[in-house]
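Numbering (this note's numbering), first residue to last: 72 to 426.
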């Protein structure tokens, strides 16, 4: 029940859950780049000369390959003084395809991948916090039970040593004990009183921490019942290693960091390529003074454009590439360190349990 209350009410855990929810919306925001976009546009212009009125609507979508496709319709009306108004309707189809540097999912989906990785890291952090919180609740619970029993023992021991002290003083007055005997028993009596006082203070302090773990106010009192001992079968060493490698979240995080740095190296290599865009556009339109002429769309314009730029030296991106290569090597070594730490933790836990 204490563990359940802690998982439901611990304020630090609730804050981490909010961080996970925030990261999830970050993923949705990054994925919104690939959603359909509906963009209306229009303007009106009036003067002592020509007057214009235009309106249009574009529907566009970006794909993981980097391709940006859009389709739209527009209407334009031009009114010149002393002349009959001219109207024009058009349908636009346009495709923009990046080449070389910005082409492909590696570059286009990078913001989404980063947001997903951040969300995954936040979830791992939350689960690690849950595990840590559970262990802290168990430790505090067991320690409070132990201290409760210890205080009862300390009270009984103090009563016995206090009676012995009174008896020794009486014997000293009768000449049946020395002053040294009395001082020795008095010292033991003081030590017993000090232990009792310290344990009582530890219980009060630990109850404050326990209330904080469970999300209650500091003045909350608890009635703890002694739990049964856990019955557990020690797994074989190889099995323990396998379970640890499958479940230790810091190991998964280290592996994710290595994957991220490897992807960063590939992106840095891609950044050395020139940036070019291929734009193709076709626009059927109709012009006239009546509706039939306008909607005939008997004329068409089209265009194909290729544009780009590059830095032949590109010293900055070369430096970034070297930095990413170093980051990759650092992450690989970090992963090995975490693996060794997991193996060491398992071995030490097995030795401690056997002992």
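By construction, the Cβ of each residue, glycine as well, lies at the ideal position given by its N, Cα and C atoms.
Check	Outcome
For residue 119, which three-state DSSP category applies?	coil
Taking the alpha-carbon positions, what's the residue 264 to residue 229 distance?	6 angstroms
Give me the Cα-Cα distance between residue 226 and residue 267, rounded to the nearest whole angstrom.	7 angstroms
Quick check on residue 190: does DSSP put it in helix, strand or coil?	helix
Does the stretch 133 to 140 come into contact with the stretch 150 to 168, if we say contact requires no fewer than three beta-carbon pairs (one atom in each stretch) closer than 8 angstroms?	yes
Is there contact here, the stretch 385 to 397 with the stretch 303 to 319, by at least three beta-carbon pairs under 8 angstroms?	no
Return the first residue and the last residue of the beta strand (DSSP E) that residue 314 is part of.	First-last for residue 314: 308 to 318, but that is the alpha helix (DSSP H), not the beta strand (DSSP E).
With respect to the beta strand (DSSP E) encompassing residue 167, which residues constitute its N-terminal and C-terminal limits?	157 to 171
Residue 133 and residue 346 - do their beta-carbons sit closer together than 8 angstroms?	no
Grab the span of the alpha helix (DSSP H) containing residue 142 for me, first residue to last.	Careful: residue 142 lies outside any alpha helix (DSSP H), inside the beta strand (DSSP E) at 139 to 150.
Along the chain, which unbroken stretches of the alpha helix (DSSP H) at least 4 residues long are found entirely within the stretch 342 to 384?	362 to 365
Can you tell me whether residue 334 is helix, strand or coil according to DSSP?	helix
For residue 187, which residues from the same chain have a beta carbon less than 6 angstroms from its beta carbon, with the 5 sequence-adjacent residues on both sides left out?	98
Could you tell me which whole alpha helix (DSSP H) segments of length 4 or greater appear in the stretch 252 to 287?	none
Below 8 angstroms between beta carbons: does that hold for residue 235 and residue 84?	no
Under 8 angstroms Cβ to Cβ from residue 219, same chain only, skipping five residues before and after it: list those, please.	274 and 295
Please name the residue, chosen from 190, 152 and 336, that lies closest to residue 89 on a Cα-to-Cα basis.	190
Just checking, does the stretch 194 to 201 make contact with the stretch 319 to 333 on the three C-beta pairs under 8 angstroms criterion?	yes
Measuring CA to CA, which of 131, 209 and 104 is closest to residue 299?	209
Does DSSP put residue 127 in a helix, a strand or coil?	strand
Going straight from the alpha carbon of residue 117 to that of residue 349, what length do you get?	37 angstroms
Evaluate the contact criterion for the stretch 117 to 127 versus the stretch 327 to 345: three or more CB pairs, one atom per stretch, below 8 angstroms.	no
Given this structure, state the Cα-to-Cα distance separating residue 105 from residue 422, to the nearest angstrom.	54 angstroms
Could you compute how far the alpha carbon of residue 368 sits from the alpha carbon of residue 344?	41 angstroms
Okay, do the stretch 149 to 159 and the stretch 360 to 367 touch, 3+ Cβ pairs below 8 angstroms being the bar?	yes
To the nearest angstrom, report how far apart residue 242 and residue 420 are at their CA atoms.	53 angstroms
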